[in-house]
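Have a look at the structure below before the remarks.
In this note's numbering, the protein residues as written are 7 to 217.
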């Protein structure tokens, strides 16, 4: 029995060859090893959280579709995006929010853990960012768009900006948050989600080297 709404991809359709690879059964022994590795990696973080849980005043998040809380919808055309339509957001928010999920994201759970409100998308109008902001946007890359164009893979990349774009958004917002950068760093945990996935995925599909 399927529980919850069916998951849909918020990215462009994947070629049939890539779909076949993605759905190939794992080799025997690989899955247990991955589970053990995940558990070992999680133990230090769990222990550290129990020891060092402290009072933060805000949380900032950077990243791509794994962290985007709605910036792509704010900047883009909602009618053309699947994340702006059900079943996205229906299991918790009861409406689409722009998240590539039918519920909350990892950064949302982190905010709840520290007793903070869910950080709103930084590009949303009329929001209070004193207790946090989410700068992540679907399709973000670590490198600038010019890099992908030079390597001939720009047609497979969403040009929603690199991590530098998100840092620029923070710089624009910073004067309204605090008087000094040191004060900002002392009070606010900053979460950065990796933005390399799209770069590697598109290069692999096109069989193009990027290093």
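Just so you know, even glycine gets a beta-carbon here, dropped at the ideal spot from N, CA and C.
Residues bridged to residue i (per DSSP)
i	result
residue 168	147
residue 139	66
residue 1	Because the chain in this structure spans residues 7 to 217, residue 1 falls outside the shown range and cannot be described.
Rounded separation between residue i and residue j - CA only
i	j	result
residue 148	residue 142	12 Å
residue 78	residue 87	9 Å
residue 182	residue 159	38 Å
residue 157	residue 89	29 Å
residue 115	residue 155	36 Å
residue 113	residue 70	12 Å
residue 131	residue 176	15 Å
residue 122	residue 68	17 Å
residue 185	residue 117	23 Å
residue 221	residue 120	Because residue 221 is not part of the residues shown, which for the chain are 7 to 217, the question remains open.
residue 134	residue 62	16 Å
residue 153	residue 164	13 Å
residue 170	residue 136	22 Å
residue 85	residue 180	32 Å
Environment of residue i [buried if 16+ CB atoms lie within 10 Å]
i	result
residue 144	buried
residue 73	buried
residue 172	buried
residue 168	buried
residue 102	buried
8 Å Cβ cutoff met for residue i and residue j
i	j	result
residue 166	residue 146	yes
residue 111	residue 75	yes
task = Examine the Cβ distances between the region 88-99 and the region 107-117 and report whether three or more of them are shorter than 8 Å.
result = yes
Segment contact, 8 Å Cβ cut-off, at least three pairs: the region 125-144 with the region 63-79 = yes
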